[in-house]
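In the order they appear, the protein sequences are chains Y and L.
Note that this note's numbering has the first sequence beginning at 7, numbered continuously upward.
Note that this note's numbering has the second sequence beginning at 7, numbered continuously upward.
Number of protein chains: 2
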Amino acid sequence: MQDIDAIDRTILSILSREARIPMKSLAGRIGLSRSATTERVTRLEKAGIIRGYRADIGQLEEGQIQAFLLVTLQRTPSIGVLDRLAGFSSVRKVSSVSGQLDLVVEVEVGSINALNELRNEVATMDNVEDLTTSIVLRRGIERS
Amino acid sequence: MQDIDAIDRTILSILSREARIPMKSLAGRIGLSRSATTERVTRLEKAGIIRGYRADIGQLEEGQIQAFLLVTLQRTPSIGVLDRLAGFSSVRKVSSVSGQLDLVVEVEVGSINALNELRNEVATMDNVEDLTTSIVLRRGIERS
DNA sequence: CATGCATCCGGCAATATGCCGGTTGCACCG
DNA sequence: CGGTGCAACCGGCATATTGCCGGATGCATG
Numbered sequence: 007m008q009d010i011d012a013i014d015r016t017i018l019s020i021l022s023r024e025a026r027i028p029m030k031s032l033a034g035r036i037g038l039s040r041s042a043t044t045e046r047v048t049r050l051e052k053a054g055i056i057r058g059y060r061a062d063i064g065q066l067e068e069g070q071i072q073a074f075l076l077v078t079l080q081r082t083p084s085i086g087v088l089d090r091l092a093g094f095s096s097v098r099k100v101s102s103v104s105g106q107l108d109l110v111v112e113v114e115v116g117s118i119n120a121l122n123e124l125r126n127e128v129a130t131m132d133n134v135e136d137l138t139t140s141i142v143l144r145r146g147i148e149r150s
Numbered sequence: 007m008q009d010i011d012a013i014d015r016t017i018l019s020i021l022s023r024e025a026r027i028p029m030k031s032l033a034g035r036i037g038l039s040r041s042a043t044t045e046r047v048t049r050l051e052k053a054g055i056i057r058g059y060r061a062d063i064g065q066l067e068e069g070q071i072q073a074f075l076l077v078t079l080q081r082t083p084s085i086g087v088l089d090r091l092a093g094f095s096s097v098r099k100v101s102s103v104s105g106q107l108d109l110v111v112e113v114e115v116g117s118i119n120a121l122n123e124l125r126n127e128v129a130t131m132d133n134v135e136d137l138t139t140s141i142v143l144r145r146g147i148e149r150s
């Protein structure tokens with residue numbers, strides 16, 4: 007196969023909300039046999055469309071702190087910085103964005119100290135011009 | 007049960023990366039019987055610690071646009087705004103943060119037009135003082 | 001010491017999965 | 001045209017996993 011057709015889209019949308027659903031039930035919902043469904047899912051996994059399956063943990067571990075690092079670079083693109091950020095285990099997600107900012111980095115650390123250290127490391131990276139840290143006080147909704 | 011002990015933590019950390027793992031294998035890894043493991047997982051689900059299981063979709067749907075709305079409020083707390091934001095289906099995640107900003111809102115829309123409309127709606131909400139929109143150009147790593 | 005309760009274990013029937021051979025529709029080619 | 005290859009589908013059987021018990025154990029409580 008090659009392109010993602012309507013059936014694949016349905017599969018993705020179902021799995022993105024109910025990842026532990028049995029293949030048989032999934033097959034039932036999309037109107038295919040179990041084996042065909044499994045084949046499609048396997049393909050999607052191998053193609054990297056489905057990266058994995060995650061439990062959605064609602065409540066943070068005690069003492070875990072989430073924060074956003076809002077980064078402005080001296081010059082874009084951000085060669086190197088992205089890779090170096092990915093090297094930190096506390097970095098959860100990095101997005102390159104348009105506008106005044108260049109990067110939005112979501113991090114999760116065990117303490118304010120750890121956050122400060124991380125912040126300093128990132129701030130002193132080559133090419134980083136400005137860095138604002140916003141600690142997450144409260145999580146609202148979270149979908150998908 | 008009541009508090010989340012070390013075993014629960016292990017369960018969460020395993021499930022947050024491999025949500026489709028069979029309970030039997032999970033049990034093997036943490037050194038408990040299958041039934042005890044299933045019980046714990048069920049408890050975690052009912053307690054809302056595990057909110058659900060999601061397939062991690064790597065590639066965005068064609069034409070889908072992600073963006074961050076960085077919101078400053080006139081006065082905090084943000085009574086009302088959080089709820090109203092949650093009402094938009096395109097809003098993926100809302101975080102209350104400290105610092106100059108008050109809210110970081112992650113959204114995903116089908117078009118720039120839709121983003122603009124959303125932006126306008128949020129900007130004209132009562133209590134919203136300032137709003138910066140940053141479109142995601144590229145997604146870097148994403149963990150957990 | 002009895003009672004209640006949380007937690008654990010193992011077992012059996014019901015279900016789901018992995019793996020296979022077989023069918024179908026279709027494009028391609030001598 | 002018939003033959004070949006291929007992608008996608010189906011169903012079936014052996015094996016693995018789950019749901020759903022009953023029962024053991026440790027522990028706090030009256």
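Backbone N, C-alpha and C define an ideal beta-carbon position, used for all residues, glycine too.
Between the C-alpha atoms of serine 22 of chain Y and valine 103 of chain L, what's the straight-line distance to the nearest angstrom? 27 Å
Cα-Cα separation, isoleucine 118 of chain L to glutamine 70 of chain L: 9 Å
Residues of the region 21-47 of chain Y whose Cβ lies closer than 8 Å to any Cβ of chain L, in chain order: Leu21, Ser22, Arg23, Glu24, Ala25, Arg26
Does the beta carbon of leucine 79 of chain Y sit closer than 9 Å to a beta carbon anywhere in chain L? no
Hey, is the region 78-98 of chain L in contact with the region 110-125 of chain L, meaning 3+ C-beta pairs nearer than 8 Å? yes
Spatial neighbours of arginine 40 of chain L within its chain, please: C-beta separation below 6 Å, excluding the five flanking residues on both sides. Met29, Lys30, Ala33
Rounded separation between arginine 81 of chain L and alanine 25 of chain Y - CA only: 40 Å
Residues bridged to glutamine 72 of chain L by DSSP? L/Glu114
Min CB distance alanine 73 of chain L to chain Y below 9 Å: yes
Three CB pairs or more closer than 8 Å across the region 49-64 of chain L and the region 52-67 of chain Y: yes
Helix, strand or coil: how does DSSP classify isoleucine 10 of chain L here? coil
Leaving out five residues on either side along the sequence, give the residues of the same chain with a beta carbon under 7 Å from the beta carbon of glutamate 135 of chain Y. Thr78, Leu79, Gln80
Is the CB of glutamate 148 of chain L under 9 Å away from at least one CB in chain Y? yes
For the alpha helix (DSSP H) containing aspartate 132 of chain Y, list its first residue and its last residue. It is not in any alpha helix (DSSP H) - aspartate 132 of chain Y carries neither H nor E in the DSSP assignment.
Taking DSSP as the reference, what is the three-state secondary structure of aspartate 62 of chain Y? strand
For threonine 138 of chain L, decide whether its Cβ has a neighbour in chain Y, counting only Cβ atoms nearer than 9 Å. yes
Per DSSP, which residues does threonine 78 of chain Y bridge with? Please list them. Y/Asp136
The beta strand (DSSP E) spanning arginine 98 of chain L covers which residue range? 97-103
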